[in-house]
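*Asks:* Per this note's numbering, the very first residue in the sequence shown carries number 857; after that it's consecutive.
Glycine included, every Cβ here is placed at the ideal spot set by N, Cα and C.
Note that the coordinates shown come from a computational prediction; the quantities given were computed from them, not determined experimentally.
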Amino acid sequence: MRAAGLLYREDVRAADEEAVRAIVQASGFFSDEEVAIAAELVEERLLQGEESGYFFLFAEQAGEVAGYTCFGPIAGSVHSYDLYWIAVDNRLRHHGIGKELLFRSEVIIENQGGKRIYIETSARPQYEQTVAFYLACGYRQEAFLAEFYGPGDGKLIFVKALS
């Protein structure tokens, strides 16, 4: 089942900071510090524009943010990008919004000259569906860093080469 009536936009608006905070916090996956970081990236983009190095794609339904991605070029690389965030409103998860946001973000990245996308996530059992999502979207696990985030919480790094 797909969510109906979605609109996508790349422009960042002042209200997006609170929308991002609410979506990330409600997910139950992130610490208070991580929630604050997600909102701060919106603020940085609003203050610095593209010079911030953070790009966003928002999916909206009935004027409300349904999900978003945040990505940007990796400093010092020629054509590599990080996908920093992808999150969908809990009420709309499992409706294809995340997959569509990721696909559209890949197109934007490719249009900006990107050739490889890297995604980092936790290896905790809570993230099993997240890992399955990335694998289903054509990403491959490139690395595992044990104990990266804390005891029993390693980091998984995924990569996808764009055509």
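#1: Which residues bound the alpha helix (DSSP H) around Ser961?
#2: Please state whether the Cβ-Cβ distance between Phe959 and Tyr940 is less than 9 Å.
#3: Between Leu1018 and Lys971, is the Cβ-Cβ spacing less than 9 Å?
#4: Hey, is the region 943-957 in contact with the region 870-888, meaning 3+ C-beta pairs nearer than 8 Å?
#5: Checking the sheet assignment: what are the DSSP bridge partners for Ser936?
#6: Report the option in Val891, Leu948, Tyr910 whose CA atom is closest to the CA atom of Ala931.
#7: Taking 9 Å as the CB-CB cut-off, is Tyr924 touching chain C?
#8: Between the C-alpha atoms of Pro929 and Gly1010, what's the straight-line distance to the nearest angstrom?
#9: For Gly952 and Ala894, what's the separation of their Cα atoms in angstroms?
#10: Could you give the residue range of the beta strand (DSSP E) that holds Ala915?
#11: With DSSP as the reference, label Val921 as helix, strand or coil.
#12: For Thr986 and Tyr995, what's the separation of their Cα atoms in angstroms?
#13: Could you tell me if Ser887 is buried or exposed, where buried requires 16 or more neighbouring beta carbons within 10 angstroms of its beta carbon?
#14: Which value, in whole angstroms, describes the spacing of the CA atoms of Val898 and Asp872?
*Replies:* The short version:
#1: Translated into the one-based positions of the sequence shown, residue 961 becomes position 105. Per DSSP, Ser961 belongs to the alpha helix (DSSP H) from 953-967.
#2: Residue 959 sits at position 103 when you count from the first residue of the sequence shown. Residue 940 sits at position 84 when you count from the first residue of the sequence shown. For the 9 Å CB-CB criterion, Phe959 and Tyr940 do not form a contact.
#3: Your numbering for residue 1018 matches position 162 in the sequence shown. Your numbering for residue 971 matches position 115 in the sequence shown. Cβ atoms of Leu1018 and Lys971: closer than 9 Å.
#4: The answer is yes - the region 870-888 touches the region 943-957, with three or more Cβ pairs under 8 Å.
#5: To locate residue 936, count along the sequence shown from 1; it is residue 80. Residue pairing from DSSP places Ser936 in a beta bridge opposite Arg972.
#6: Here residue 931 is taken as the residue at index 75 of the sequence shown, counted from 1. Ranking the options by Cα distance to Ala931, first place goes to Tyr910.
#7: Absent from the structure: chain C. Only one protein chain is present.
#8: On the sequence shown, position 73 is the one that residue 929 refers to. On the sequence shown, position 154 is the one that residue 1010 refers to. Rounded to whole angstroms, Pro929 to Gly1010 spans 24 Å at the Cα level.
#9: For the purposes of this step, residue 952 is taken as the residue at position 96 of the sequence shown. For the purposes of this step, residue 894 is taken as the residue at position 38 of the sequence shown. Whole-angstrom Cα-Cα distance: 22 Å.
#10: Mapped onto the sequence shown, residue 915 falls at position 59. From DSSP, the beta strand (DSSP E) with Ala915 extends over 911-917.
#11: Within the sequence shown, the letter at position 65 stands for residue 921. Judged by DSSP in its simplified three-state form, Val921 adopts strand.
#12: Along the sequence shown, one-based indexing puts residue 986 at 130. Along the sequence shown, one-based indexing puts residue 995 at 139. Cα to Cα, the separation comes out at about 12 Å.
#13: Translated into positions along the sequence shown, residue 887 becomes position 31. So Ser887 counts as exposed.
#14: What you label residue 898 is simply residue 42 of the sequence shown in a count that begins at 1. What you label residue 872 is simply residue 16 of the sequence shown in a count that begins at 1. Going from the Cα of Val898 to the Cα of Asp872 covers about 7 Å.
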